[in-house]
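Structure, as structure tokens:
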């Protein structure tokens, strides 16, 4: 047997977003990007790594969740100093969080994000509203084309946290990361098994597609309440969305 042979798993190339994460992480670790430095803009990273905007945004979201970056809406992403980097529950639990951990994290979000939505309804700026709407437009587009929606989902929730004007809401959400955001990996696997037509058009499996559509409707209900300045309505809409997400996660696990 050739001792230099590598297993298929070890030879598997990293995902596109992981390549961006690894590249930026290496620069931070080497000091090429120092605390307080602004990371390259999305167009620059897209060109450098040869990836799409959604891939760059997913990578930045993962670096935020790891406590390496903070993002200021409309300004850019900046490297955090080591002493203020937050511990990542995703790192602590490993790459794949267990179902009970994800449900526990959703329970924590249920105690925080409805109030964040209520505060956002009272404090949001027109620019923040436009950014939230863009995140939901991206979610709808990615869902329609069969792309992963976790990045747009997480971005929407983080923008609401930022709109509170209370940085600790954003800190907690970034610490949790996007581990509890629905992902479409299972849907893509199901589509691949059902034939080339589904894979070609990026269709998600029929049993998961309605869940995404319901999630999108719930997102827009939260945004409309925030847009109206309806704190009580935003609180109720966010609670309903997260509680439904928890029930959908339980159902999917069965």
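Residue numbers (the UniProt record's numbering): 1 to 254. Cβ coordinates follow ideal geometry from the N, Cα and C atoms, glycine included. Fair warning: this is a prediction, and the values are worked out from it, not measured in the lab.
Three-state class that DSSP yields for residue 170 in the structure shown: Numbered from its first residue, the chain shown carries residue 170 at position 170. Looking at residue 170 - three-state DSSP - the assignment turns out to be helix.
Cβ-Cβ distance between residue 66 and residue 39 below 7 Å: Along the chain shown, read from residue 1 onward, the residue named residue 66 stands at position 66. Along the chain shown, read from residue 1 onward, the residue named residue 39 stands at position 39. Not a contact, by the Cβ cut-off of 7 Å.
Residue ranges of each beta strand (DSSP E) within the UniProt domain "HTH gntR-type" (14-82), 3 or longer: 69-72, 76-79
Spatial distance of residue 43 from residue 53 (CA atoms): Counting from 1 along the chain shown, the entry for residue 43 is found at position 43. Counting from 1 along the chain shown, the entry for residue 53 is found at position 53. The alpha-carbon atoms of residue 43 and residue 53 are separated by roughly 8 Å.
Same chain, Cβ closer than 7 Å to residue 34, neighbours up to 5 away in sequence not counted: Counting from 1 along the chain shown, the entry for residue 34 is found at position 34. Only 79 meet the Cβ criterion.
Residues near residue 161 by beta carbon distance below 7 Å, same chain, minus five either side: The residue you call residue 161 lines up with position 161 of the chain shown. So the qualifying residues of the chain are 116, 169, 170, 173.
Neighbourhood of residue 124 by C-beta, 7 Å cutoff - its chain only, sequence neighbours within 5 removed: Position 124 of the chain shown holds residue 124. Within the same chain, residue 124 has close Cβ partners 163, 226.
Neighbourhood of residue 103 by C-beta distance below 8 Å, restricted to the same chain and skipping five residues each side: One-based indexing of the chain shown puts residue 103 at position 103. Closer than 8 Å at Cβ, skipping near neighbours: 246, 249, 250.
Distance CB(residue 257)-CB(residue 17) smaller than 7 Å: Any question about residue 257 goes unanswered here, given that the chain covers just 1 to 254.
Within 7 Å, strictly: CB atoms of residue 237 and residue 221: Translated into the one-based positions of the chain shown, residue 237 becomes position 237. Translated into the one-based positions of the chain shown, residue 221 becomes position 221. Their beta carbons are under 7 Å apart, which means residue 237 touches residue 221 by this criterion.
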